[in-house]
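Residue numbers (this note's numbering): 250 to 544. Don't be surprised by glycine CBs; every beta carbon is placed ideally from N, CA and C. Beneath this line is the structure, given in structure tokens, with notes to follow.
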Amino acid sequence: MYSEIASNKRKTVGIMAGFVLFIGLVGWIFGMYTGRPAITPFILIAAGIYALIMYYSGGRLSLAVSGAKQIVKSDNPRLFRIVENLAITDGLPTPKVYIIDDPALNAFATGRKPDAASVCVTSGLLEAMNDQELEGVLAHELGHVKNYDIRVSMVAFAMVAVIGLLADVMLRMAWFGGGNRNNNEGEGNQLFFILGIVAAILAPIIATMIQLAVSRKREYLADATGALTTRYPEGLASALEKIKDSSSVMKRQNTSTAHFYFANPLRGHGITNLFSTHPPIDERIARLREMGRHA
Numbered sequence: 250m251y252s253e254i255a256s257n258k259r260k261t262v263g264i265m266a267g268f269v270l271f272i273g274l275v276g277w278i279f280g281m282y283t284g285r286p287a288i289t290p291f292i293l294i295a296a297g298i299y300a301l302i303m304y305y306s307g308g309r310l311s312l313a314v315s316g317a318k319q320i321v322k323s324d325n326p327r328l329f330r331i332v333e334n335l336a337i338t339d340g341l342p343t344p345k346v347y348i349i350d351d352p353a354l355n356a357f358a359t360g361r362k363p364d365a366a367s368v369c370v371t372s373g374l375l376e377a378m379n380d381q382e383l384e385g386v387l388a389h390e391l392g393h394v395k396n397y398d399i400r401v402s403m404v405a406f407a408m409v410a411v412i413g414l415l416a417d418v419m420l421r422m423a424w425f426g427g428g429n430r431n432n433n434e435g436e437g438n439q440l441f442f443i444l445g446i447v448a449a450i451l452a453p454i455i456a457t458m459i460q461l462a463v464s465r466k467r468e469y470l471a472d473a474t475g476a477l478t479t480r481y482p483e484g485l486a487s488a489l490e491k492i493k494d495s496s497s498v499m500k501r502q503n504t505s506t507a508h509f510y511f512a513n514p515l516r517g518h519g520i521t522n523l524f525s526t527h528p529p530i531d532e533r534i535a536r537l538r539e540m541g542r543h544a
């Protein structure tokens with residue numbers, strides 16, 4: 250389990266470093282496309298500012314759009330007891346606890362740091378899971394908190410949004426006759442105009458794929474962290490099997506918060522699964538059971 254955690258952390262650092270380089274490349278192409286290469290540093294600064302906004306407001310927004318309701322201990326002693334015990338085991342402050350009135354089997358955690366974290370589960374999850382399975386799911390969610398995954402996810406989402414905005418501006422400039430092709434007629438400028446159009450089309454797709462890779466690695470990491478906390482990977486594996494046989498699709502669906510959830514909350518089959526923020530459930534179950542055999 251320790252090797253799984255270390256491997257996923259290394260891979261996530263590498264992917265995030267690549268993401269930063271990619272947004273710098275897109276910013277440079279945007280500057281050359283507009284004939285203002287000096288604008289690139291300002292694009293990176295603007296991306297950083299947007300990431301900070303998401304960093305401080307993303308948690309509250311995700312709870313609001315999901316329709317989550319905060320509860321106190323007397324509302325659901327079972328849920329509170331499990332959350333408190335896991336927080337003590339992980340050495341974390343007890344997070345705020347929320348419930349979503351939804352028959353889907355799902356959960357998520359949010360908050361930029363452990364002392365500002367919240368854990369949310371659906372009413373369907375509470376009804377379907379026994380104590381060991383519920384403990385496995387909540388240990389996974391607290392694993393996200395412990396590993397600062399929410400912070401990573403918010404930054405990755407902000408980067409995707411910035412790249413999408415740059416791509417949209419480049420396409421609009423091309424459509425309405427902008428770009429440096431009108432300022433200069435050299436072959437080099439024409440090349441950057443073509444490169445800008447290609448980047449405008451491909452960059453959002455590539456950025457989204459990078460974000461998905463980050464999200465999937467963090468899901469595997471949270472699975473491993475949760476299994477290490479409970480010392481019982483089978484509880485989490487059994488919970489995933491129930492979700493596979495039932496449904497994790499939420500009534501309130503929002504693509505901007507899908508990456509927070511324990512299992513994919515969005516409808517989608519076939520090609521759309523390539524753009525899922527979550528790794529395949531079967532793969533997650535197999536990894537957990539392999540951890541159990543080597544525990």
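Determine the direct distance from the alpha carbon of residue j to that of residue i, and round the result to whole angstroms.
{"i": "G284", "j": "W277", "result": "10 Å"}
{"i": "E436", "j": "L312", "result": "Note on E436: pLDDT 49, under 50, position unreliable in the model; no value is reported."}
{"i": "A449", "j": "I292", "result": "15 Å"}
{"i": "L537", "j": "A287", "result": "49 Å"}
{"i": "S372", "j": "G297", "result": "37 Å"}
{"i": "E532", "j": "V370", "result": "23 Å"}
{"i": "Y397", "j": "A462", "result": "16 Å"}
{"i": "E557", "j": "L270", "result": "Outside the modelled stretch of the chain, which goes from 250 to 544, sits residue 557, for which no answer is possible."}
{"i": "P482", "j": "G280", "result": "50 Å"}
{"i": "I399", "j": "Y510", "result": "11 Å"}
{"i": "L451", "j": "N379", "result": "45 Å"}
{"i": "D494", "j": "A266", "result": "37 Å"}
{"i": "V275", "j": "P326", "result": "50 Å"}
{"i": "S505", "j": "V401", "result": "14 Å"}
I'd like to confirm the pairing. Which residues does DSSP put opposite residue i in its beta bridges?
{"i": "A356", "result": "V370"}
{"i": "Q319", "result": "Y347"}
{"i": "Y510", "result": "F357"}
Just to confirm, is the Cβ distance from residue i to residue j under 8 Å?
{"i": "T478", "j": "D339", "result": "yes"}
{"i": "H527", "j": "R480", "result": "no"}
{"i": "S190", "j": "A353", "result": "Residue 190 cannot be examined here, being either before or after the span of the chain that is shown, 250 to 544."}
{"i": "N513", "j": "V314", "result": "no"}
{"i": "G272", "j": "M419", "result": "The displayed chain sequence assigns Ile, not Gly, to residue 272. Contact flag unset, no."}
{"i": "F329", "j": "K322", "result": "yes"}
{"i": "A471", "j": "H389", "result": "yes"}
{"i": "M403", "j": "M499", "result": "no"}
{"i": "E490", "j": "I534", "result": "yes"}
{"i": "T359", "j": "G316", "result": "no"}
Can at least three beta-carbon pairs, one atom from the region 339-347 and one from the region 355-374, be found at a separation below 8 Å?
yes
Sufficient close CB pairs (3 or more, under 8 Å) joining the region 400-419 to the region 450-465
yes
Does the region 323-340 come within contact of the region 378-391, defined as at least 3 CB pairs closer than 8 Å?
yes
Per the contact definition of three or more C-beta pairs closer than 8 Å, is the region 467-477 in contact with the region 386-396?
yes
Enumerated in chain order, which unbroken segments of the alpha helix (DSSP H) with a length of 4 residues or greater are wholly contained in the region 438-498?
482-494
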